[in-house]
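Number of protein chains: 2
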Amino acid sequence: MIDIDRRTATLFTILAPFAATSAVAQTDHPHKIPDFGHGTARDMSKVPWMGSEEIAMLVYPGMTVMDLIGPHCMFGSLMGVKIHIVAKSLDPVTSDAGLTIVPDATFETCPQDLTVLFAPGGTDGTIAASNDADTLAFVADRGARAKYVTSVCSGSLILGAAGLLKGYKATSHWSCREALAGFGAIPTDARVVRDRNRITGAGVTSGLDFGLSMIAELRDQIYAECSQLMSEYDPHPPFNAGSIHTAPDDVKQAMIELAADFTRKAGSLAAAYKG
Amino acid sequence: MIDIDRRTATLFTILAPFAATSAVAQTDHPHKIPDFGHGTARDMSKVPWMGSEEIAMLVYPGMTVMDLIGPHCMFGSLMGVKIHIVAKSLDPVTSDAGLTIVPDATFETCPQDLTVLFAPGGTDGTIAASNDADTLAFVADRGARAKYVTSVCSGSLILGAAGLLKGYKATSHWSCREALAGFGAIPTDARVVRDRNRITGAGVTSGLDFGLSMIAELRDQIYAECSQLMSEYDPHPPFNAGSIHTAPDDVKQAMIELAADFTRKAGSLAAAYKG
Numbered sequence: 297m298i299d300i301d302r303r304t305a306t307l308f309t310i311l312a313p314f315a316a317t318s319a320v321a322q323t324d325h326p327h328k329i330p331d332f333g334h335g336t337a338r339d340m341s342k343v344p345w346m347g348s349e350e351i352a353m354l355v356y357p358g359m360t361v362m363d364l365i366g367p368h369c370m371f372g373s374l375m376g377v378k379i380h381i382v383a384k385s386l387d388p389v390t391s392d393a394g395l396t397i398v399p400d401a402t403f404e405t406c407p408q409d410l411t412v413l414f415a416p417g418g419t420d421g422t423i424a425a426s427n428d429a430d431t432l433a434f435v436a437d438r439g440a441r442a443k444y445v446t447s448v449c450s451g452s453l454i455l456g457a458a459g460l461l462k463g464y465k466a467t468s469h470w471s472c473r474e475a476l477a478g479f480g481a482i483p484t485d486a487r488v489v490r491d492r493n494r495i496t497g498a499g500v501t502s503g504l505d506f507g508l509s510m511i512a513e514l515r516d517q518i519y520a521e522c523s524q525l526m527s528e529y530d531p532h533p534p535f536n537a538g539s540i541h542t543a544p545d546d547v548k549q550a551m552i553e554l555a556a557d558f559t560r561k562a563g564s565l566a567a568a569y570k571g
Numbered sequence: 297m298i299d300i301d302r303r304t305a306t307l308f309t310i311l312a313p314f315a316a317t318s319a320v321a322q323t324d325h326p327h328k329i330p331d332f333g334h335g336t337a338r339d340m341s342k343v344p345w346m347g348s349e350e351i352a353m354l355v356y357p358g359m360t361v362m363d364l365i366g367p368h369c370m371f372g373s374l375m376g377v378k379i380h381i382v383a384k385s386l387d388p389v390t391s392d393a394g395l396t397i398v399p400d401a402t403f404e405t406c407p408q409d410l411t412v413l414f415a416p417g418g419t420d421g422t423i424a425a426s427n428d429a430d431t432l433a434f435v436a437d438r439g440a441r442a443k444y445v446t447s448v449c450s451g452s453l454i455l456g457a458a459g460l461l462k463g464y465k466a467t468s469h470w471s472c473r474e475a476l477a478g479f480g481a482i483p484t485d486a487r488v489v490r491d492r493n494r495i496t497g498a499g500v501t502s503g504l505d506f507g508l509s510m511i512a513e514l515r516d517q518i519y520a521e522c523s524q525l526m527s528e529y530d531p532h533p534p535f536n537a538g539s540i541h542t543a544p545d546d547v548k549q550a551m552i553e554l555a556a557d558f559t560r561k562a563g564s565l566a567a568a569y570k571g
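Taken in sequence, the protein lines are chains A and B. This note's numbering applies: residue 297 is where the first sequence begins, and numbers increase by one. This note's numbering applies: residue 297 is where the second sequence begins, and numbers increase by one.
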């Protein structure tokens, strides 16, 4: 479990006087409040700086580690949050590209009642996790009570296989989004898709957009903007090939072919679903 | 060391016939080559799909794990690459937000001659690494021979402290960019800054833009576009606060204040530099 206490203490010490100053200014010195050029001046003292969210992030062999870390980058900026990196056991878990991380909770020790349940994606590792009875039982159990049930990339296959997407709009990596229909979901082509308390992100790097949206949802927009500035999330991709709608045709054709085996496996997984 | 062999085998099997088809088409059936709507049709068979880069990514306690994983997400898509996650020892390393990863090489076992040396940033952990003699000796040694010397976020403080930025334009997180002048560097406000073989990224999430630029540099633009599509890097930040130039003034003021202690420490580190 990751407890952001040390950082929280520092941040709160710094932000509390700032927030207080802002509140006083609005009450006693209205003419001193700058407009900031953004319409109405905002009351920084009303930002919910402190919280107590319990966030469980599933990890498993063969996951795509960027699917995990984009959201983690944003969740980690929440003062007071507790982030649990959850796996079947506490053994280190190696990602598809070979990076190894250490879980800090198991399916047994993870809190029962979560604010956010999150699943990252991958390819063969994700299919394996989606066929693993223990993983599905954990996801179904915590997902039944979590305030938000979420994923990035093909992590939505795990949610689907656990029966959590039936009747919900959801998204995934472009290579396996249509498979979600097999789980009774409504595949939806957008960077971040919300349907009631199910919030799913598209492929890999969408985790940053997903994570920022989650911060605004869990706290508020000002908090999300602070996290965005601290993580300097002002993207300037040097090329314009990041979406199936914008990639050059040669690149698109090659990558659809490269992903075809996974697309087929995801389709088979969903077709075999008996939910 | 991460060897992308399994993925490489799959990818090469899939791409080789595609590339071959493309080459044949250009030779024997010129009228069948689609223009792809991007000007001249590109020869996919000439893309350097296979390589043998040796990439060392430094890790240390208190680093910001997103600084590491953005570039790793892109480096990991290079067929044939070897990625070394390097630390003082093989003991697990915990990031500033509490995520623990396992190194696979030490300063002693890391290859001597690298294609890319990379340093991630952080706050207090980065200051500590920049004051650690063993870390600086390792970075200075490998950096003297590496084809590319690189960083994301405040990782450039480590490069600077190791004497690798003297006379070079470089960037960093906005909160400590100006400190680079103390190391004899030329602080430069851009998302990715290149000066000869020094390539540095701005804060945290710039690692994705940095990583894509590196793929184009190490292979070519088509390869980078393929990696961009597979990682679905088509960013849509829900807010516009990711840069010190675009963030609302209230957010900017709060975060400059929040970062002030680190800004001061980075300045002191650089002021004490005797290179």
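Note that beta-carbon positions come from the ideal geometry of N, C-alpha and C, so glycine has one too.
Do the CB positions of Leu565 (chain A) and Ala457 (chain A) come within less than 8 Å of each other?
Along the first sequence, read from residue 1 onward, the residue named residue 565 (chain A) stands at position 269. Along the first sequence, read from residue 1 onward, the residue named residue 457 (chain A) stands at position 161. In this structure, Ala457 (chain A) lies closer than 8 Å to Leu565 (chain A) by Cβ.
By the 7 Å beta-carbon criterion, what residues does the region 546 to 558 of chain A contribute toward chain B?
Flagged, chain order: Asp546, Val547, Lys548, Ala550, Met551, Glu553 and Leu554.
Distance, Cα to Cα, Ile454 (chain B) vs Ser426 (chain B)?
To locate residue 454 (chain B), count along the second sequence from 1; it is residue 158. To locate residue 426 (chain B), count along the second sequence from 1; it is residue 130. Distance between the alpha carbons of Ile454 (chain B) and Ser426 (chain B) is about 5 Å.
Verify the CB distance criterion: does Gly372 (chain B) have a CB-CB separation below 8 Å to chain A?
As a first step, residue 372 (chain B) must be located in the second sequence, where it is residue number 76. Interface with chain A (8 Å Cβ-Cβ cutoff): Gly372 (chain B) is included.
Please list the partners that Val500 (chain B) has in chain A, where partner means a Cβ-to-Cβ separation under 9 Å.
For the purposes of this step, residue 500 (chain B) is identified with residue 204 of the second sequence, where counting begins at 1. The contacting residues are Cys369, Met526, Ser527, Glu528 and Tyr529.
Check distances from the C-beta atoms of the region 373 to 385 of chain A to those of chain B and list, in chain order, the residues that come in under 9 Å.
For the region 373 to 385 of chain A, which is checked against every Cβ of chain B, the residues closer than 9 Å are Ser373, Ile379 and Ile381.
With respect to the alpha helix (DSSP H) encompassing Ala555 (chain A), which residues constitute its N-terminal and C-terminal limits?
For the purposes of this step, residue 555 (chain A) is identified with residue 259 of the first sequence, where counting begins at 1. Here the alpha helix (DSSP H) through Ala555 (chain A) covers Asp545 to Ala567.
Measuring only the C-alpha atoms, how far is Asp516 (chain B) from Arg494 (chain B)?
For this step, residue 516 (chain B) is matched to residue 220 along the second sequence. For this step, residue 494 (chain B) is matched to residue 198 along the second sequence. A straight line joining the alpha-carbon of Asp516 (chain B) with that of Arg494 (chain B) spans about 18 Å.
Can you pull the DSSP bridge partners for Asp390 (chain A)?
Position 94 of the first sequence, counted from the start, is the residue given in the question as residue 390 (chain A). Asp is not the amino acid found at residue 390 (chain A); the sequence shown has Thr there. According to DSSP, Thr390 (chain A) shares a beta bridge with A:Thr396.
Neighbour list for Phe535 (chain A) in chain B, Cβ cutoff strictly below 8 Å:
Looking up residue 535 (chain A) in the first sequence gives position 239. For Phe535 (chain A), the chain B residues whose Cβ falls inside 8 Å of its Cβ are Leu508, Ala512, Gln517, Ala520, Glu521 and Gln524, in order along the chain.
Quick one: complete beta strand (DSSP E) runs, 3+ long, within the region 397 to 471 of chain A?
You should have 412 to 415 and 444 to 447.
Could one say the Cβ of Thr491 (chain B) lies closer than 8 Å to chain A's Cβ atoms, at least one of them?
Sequence index remark: in the second sequence, residue 491 (chain B) carries index 195 (1-based). Residue identity differs from the one stated: residue 491 (chain B) is Asp in this sequence, not Thr. Put simply, the CB of Asp491 (chain B) is far from chain A, with every gap to its CB atoms at 8 Å or more.
With a cut-off of 8 Å on the beta carbons, I'd call Thr467 (chain A) and Ala486 (chain A) a contact; round off their distance for me.
In the first sequence, counting from the first residue as 1, residue 467 (chain A) sits at position 171. In the first sequence, counting from the first residue as 1, residue 486 (chain A) sits at position 190. Yes, they are in contact, since the Cβ atoms of Thr467 (chain A) and Ala486 (chain A) sit about 6 Å apart, within 8 Å.
Taking Cβ-Cβ distances below 9 Å as the criterion, which residues of the region 386 to 402 of chain A are in contact with chain B?
Answer set for the region 386 to 402 of chain A: Pro388, Thr390, Ser391, Asp392, Ala393, Gly394, Leu395, Thr396, Ile397, Val398, Pro399 and Asp400.
For Thr491 (chain A), the three-state DSSP class (helix, strand or coil):
Here residue 491 (chain A) refers to the residue found at position 195 of the first sequence. Note that residue 491 (chain A) corresponds to Asp in the displayed sequence, not to Thr. For Asp491 (chain A), the secondary structure class from DSSP, reduced to helix, strand or coil, is strand.
Name the residue from A:Phe479, A:His469, A:Leu525 and A:His532 whose alpha carbon lies nearest to the alpha carbon of Ala556 (chain A).
On the first sequence, position 260 is the one that residue 556 (chain A) refers to. Among A:Phe479, A:His469, A:Leu525 and A:His532, the Cα nearest to that of Ala556 (chain A) belongs to A:His469.
Please list, in chain order, all residues of the same chain as Ile293 (chain A) whose beta carbon is under 8 Å from its beta carbon, the five residues on each side excluded.
Lying outside 297 to 571, the shown extent of chain A, residue 293 (chain A) is not represented and no answer is given.
Could you compute how far the alpha carbon of Ala321 (chain B) sits from the alpha carbon of Leu554 (chain A)?
Residue 321 (chain B) sits at position 25 when you count from the first residue of the second sequence. Residue 554 (chain A) sits at position 258 when you count from the first residue of the first sequence. Residue placement at Ala321 (chain B) is poorly supported in this model, since its pLDDT is 33, which falls under 50; the coordinates still yield a value, given next. About 20 Å.
Please report how far the alpha carbon of Met551 (chain A) lies from the alpha carbon of Met346 (chain A), in whole angstroms.
Translated into the one-based positions of the first sequence, residue 551 (chain A) becomes position 255. Translated into the one-based positions of the first sequence, residue 346 (chain A) becomes position 50. So the two alpha carbons sit approximately 43 Å from each other.
Using the Cα positions of Gly497 (chain B) and Leu410 (chain B), report the straight-line distance between them to the nearest angstrom.
For the purposes of this step, residue 497 (chain B) is taken as the residue at position 201 of the second sequence. For the purposes of this step, residue 410 (chain B) is taken as the residue at position 114 of the second sequence. The alpha-carbon atoms of Gly497 (chain B) and Leu410 (chain B) are separated by roughly 19 Å.
Counting only Cβ pairs nearer than 8 Å, list the residues of chain B close to Met340 (chain A).
Position 44 of the first sequence, counted from the first residue, corresponds to residue 340 (chain A). Here the neighbours are Asp546 and Ala550.
Please confirm whether Ser452 (chain A) has its beta-carbon closer than 8 Å to some beta-carbon of chain B.
Taking the first sequence and counting its residues from 1, the one referred to as residue 452 (chain A) is at position 156. Chain B contact via Cβ: absent.
Exposed unless 16 or more other CB atoms sit within 10 angstroms - verdict on Pro330 (chain A)
Mapped onto the first sequence, residue 330 (chain A) falls at position 34. Note that Pro330 (chain A) has pLDDT 39, beneath the 50 cutoff, so the model's placement of it is unreliable and no number is given.
Taking the straight line between their C-alpha atoms, what separation do you get for Arg490 (chain A) and Lys465 (chain A)?
Here residue 490 (chain A) refers to the residue found at position 194 of the first sequence. Here residue 465 (chain A) refers to the residue found at position 169 of the first sequence. Distance between the alpha carbons of Arg490 (chain A) and Lys465 (chain A): 7 Å.
Whole-angstrom distance between Asp428 (chain B) and Gly478 (chain B), CA atom to CA atom:
Start at 1 with the first residue of the second sequence, and residue 478 (chain B) comes out as number 182. Start at 1 with the first residue of the second sequence, and residue 428 (chain B) comes out as number 132. Spanning the two alpha carbons is a distance of roughly 18 Å.
What in chain A is Cβ-close to Ile365 (chain B), meaning under 7 Å?
Looking up residue 365 (chain B) in the second sequence gives position 69. For Ile365 (chain B), the chain A residues whose C-beta falls within less than 7 Å of its own C-beta are Val361, Met362 and Ile365, listed in chain order.
Distance check for Pro367 (chain A) and Asp400 (chain B), CA to CA, integer angstroms please.
One-based indexing of the second sequence puts residue 400 (chain B) at position 104. One-based indexing of the first sequence puts residue 367 (chain A) at position 71. Roughly 25 Å between the two C-alpha positions.
Can you pull the chain A residues whose beta carbon is under 8 Å from the beta carbon of Leu543 (chain B), in chain order?
For the purposes of this step, residue 543 (chain B) is taken as the residue at position 247 of the second sequence. It should be noted that the sequence gives Ala, not Leu, for residue 543 (chain B). Within chain A, the residues near Ala543 (chain B) are Glu521, Gln524 and Leu525.
Report all residues from its chain with a CB closer than 7 Å to the CB of Ala567 (chain A); omit the five preceding and five following residues, and keep chain order.
The residue labelled residue 567 (chain A) in the question sits at position 271 within the first sequence. The beta carbon of Ala567 (chain A) sits closer than 7 Å to the beta carbons of Gly478 from its chain, once the five residues preceding and following it are set aside; these are given in chain order.
Which residues does DSSP list as the beta-bridge partners of Ile381 (chain B)?
Walking along the second sequence from the start, residue 381 (chain B) turns up at place 85. Ile381 (chain B) is bridged to B:Met353.
DSSP three-state label for His325 (chain A), please.
Here residue 325 (chain A) refers to the residue found at position 29 when the first sequence is read from its first residue. With a pLDDT of 37 at His325 (chain A), under the threshold of 50, the modelled position of this residue cannot be trusted, and the question is left open.
May I ask you to list the residues that DSSP assigns as paired with Ile482 (chain A)?
Locating residue 482 (chain A) in the first sequence gives position 186, where the first residue counts as 1. For Ile482 (chain A), which the question treats as bridged, DSSP gives the partners A:Lys465.
Just how far apart, CA to CA, sit Ile540 (chain B) and Cys369 (chain B)?
Walking along the second sequence from the start, residue 540 (chain B) turns up at place 244. Walking along the second sequence from the start, residue 369 (chain B) turns up at place 73. Note on geometry: alpha-carbon atoms of Ile540 (chain B) and Cys369 (chain B) lie some 26 Å from one another.
is_contact[Arg438 (chain A), chain B] using C-beta, thresh 8 Å:
Position 142 of the first sequence, counted from the first residue, corresponds to residue 438 (chain A). Closer than 8 Å: no.
How many Å lie between Thr559 (chain A) and Thr360 (chain A) at the Cα?
Walking along the first sequence from the start, residue 559 (chain A) turns up at place 263. Walking along the first sequence from the start, residue 360 (chain A) turns up at place 64. Cα-Cα distance, rounded: 16 Å.
Straight-line Cα distance separating Val435 (chain B) from Leu460 (chain B)
Within the second sequence, numbered from 1, the residue matching residue 460 (chain B) stands at position 164. Within the second sequence, numbered from 1, the residue matching residue 435 (chain B) stands at position 139. Going from the Cα of Leu460 (chain B) to the Cα of Val435 (chain B) covers about 9 Å.
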